[in-house]
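A.B. asks: If you're matching them up, the sequences are chains R and W in order.
Start counting at 1 in the first sequence, then tack on 3, and there's your number in the numbering used here.
Start counting at 1 in the second sequence, then tack on 175, and there's your number in the numbering used here.
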Amino acid sequence: KQEVTQIPAALSVPEGENLVLNCSFTDSAIYNLQWFRQDPGKGLTSLLLIQSSQREQTSGRLNASLDKSSGRSTLYIAASQPGDSATYLCAVPLNSGNTPLVFGKGTRLSVIA
Amino acid sequence: DTGVSQNPRHKITKRGQNVTFRCDPISEHNRLYWYRQTLGQGPEFLTYFQNEAQLEKSRLLSDRFSAERPKGSFSTLEIQRTEQGDSAMYLCASSLLEGQAYTFGSGTRLTVV
Chain R
4 KQEVTQIPAA LSVPEGENLV LNCSFTDSAI YNLQWFRQDP GKGLTSLLLI QSSQREQTSG
64 RLNASLDKSS GRSTLYIAAS QPGDSATYLC AVPLNSGNTP LVFGKGTRLS VIA
Chain W
176 DTGVSQNPRH KITKRGQNVT FRCDPISEHN RLYWYRQTLG QGPEFLTYFQ NEAQLEKSRL
236 LSDRFSAERP KGSFSTLEIQ RTEQGDSAMY LCASSLLEGQ AYTFGSGTRL TVV
């Protein structure tokens, strides 16, 4: 059974700081890994999708890495801004292969101006 | 393409009543997923469809829950005899194919009083 853990649960940083969010998963035979952003009371916005054959993906100030063998992914946010304040969730397929996603509980990020 | 649409956005109902939610996915997306999210938790998988076929149901989906996707387009999620424990955000997502990024709707927030 796949389980996803995200550390830390909450993080508060001053504006402009670079930061790293961590995600670990128990079954390394994943098809892909996805990072999402969720604003309070809203749905999820897909940020980055990393296929199992990839080691990282970049989008603007965001960079996600994937180390399948160790069951870990990190989301790096450069030069953080107050608008980055949200909950960040990572998700991997429930079983090996591409089946519905299982999510971590998320990291709640606050960027202070 | 206006993304994934969910209606209603909010629903307050009395315990024991039946409720139905609707999800309109991105038109060309074959896969449609339902998730439930409670405060401070990541989304939990409920069920998913490929076109009109319901391929998998979570053990979270009790007999009081039923989902349909007639003609492989929009989907409905019905909860019969609602209980206070059903209070949550119900999220719908769609994807084009296996291994593709999910697009989530804004969710339906259910409050059972």
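C-beta: ideal position from N, C-alpha, C; glycine also.
Report the option in R:L14, R:F28, R:E20 and R:A13 whose CA atom is closest to the CA atom of Q5 of chain R.
C.D. replies: Of the listed residues, the one whose Cα sits closest to Q5 of chain R is R:F28.
A.B. asks: Do S250 of chain W and E243 of chain W count as a contact pair if the criterion is CB distance below 9 angstroms?
C.D. replies: Result yes, Cβ atoms of E243 of chain W and S250 of chain W sit closer than 9 angstroms.
A.B. asks: Quick check: is the beta carbon of F302 of chain W nearer than 9 angstroms to any beta carbon in chain R?
C.D. replies: This structure does not reach residue 302 of chain W, given that chain W is present from 176 up to 288, and the question cannot be answered.
A.B. asks: Relative to the C-alpha of G63 of chain R, which residue among R:A82, R:C93 and R:T110 is closest?
C.D. replies: When only C-alpha atoms are compared, the closest one is R:A82.
A.B. asks: Any chance the segment 209–219 of chain W sits against the segment 107–114 of chain R, with 3 or more Cβ pairs inside 8 angstroms?
C.D. replies: Flag = yes, the segment 209–219 of chain W and the segment 107–114 of chain R touch.
A.B. asks: Compute the beta-carbon to beta-carbon distance between C267 of chain W and L207 of chain W, rounded to the nearest angstrom, for a pair I have assumed lies under 8 angstroms.
C.D. replies: About 7 angstroms; that satisfies the 8 angstroms criterion.
A.B. asks: Check whether chain W comes within 9 angstroms of L52 of chain R, counting only Cβ atoms and requiring the distance to be less than that.
C.D. replies: So yes, L52 of chain R belongs to the interface.
A.B. asks: Rounding to the nearest angstrom, what Cα-Cα distance links Q41 of chain R and Q54 of chain R in this structure?
C.D. replies: Distance between the alpha carbons of Q41 of chain R and Q54 of chain R: 22 angstroms.
A.B. asks: Could you check what DSSP says for K246 of chain W in three-state terms: helix, strand or coil?
C.D. replies: Of the three classes helix, strand and coil, the one that applies to K246 of chain W here is helix, per DSSP.
A.B. asks: DSSP state of D70 of chain R, grouped into three classes?
C.D. replies: The answer is strand: DSSP assigns D70 of chain R an E or B state.
A.B. asks: Please state whether DSSP places P85 of chain R in a helix, a strand or coil.
C.D. replies: P85 of chain R falls in the helix class under three-state DSSP.
A.B. asks: Under 9 angstroms between C-beta atoms, does G107 of chain R make it to chain W?
C.D. replies: Yes, G107 of chain R counts as interfacial toward chain W.
A.B. asks: How far does the beta strand (DSSP E) with P218 of chain W in it reach, from first residue to last?
C.D. replies: Here P218 of chain W belongs to no beta strand (DSSP E), and DSSP marks it neither H nor E.
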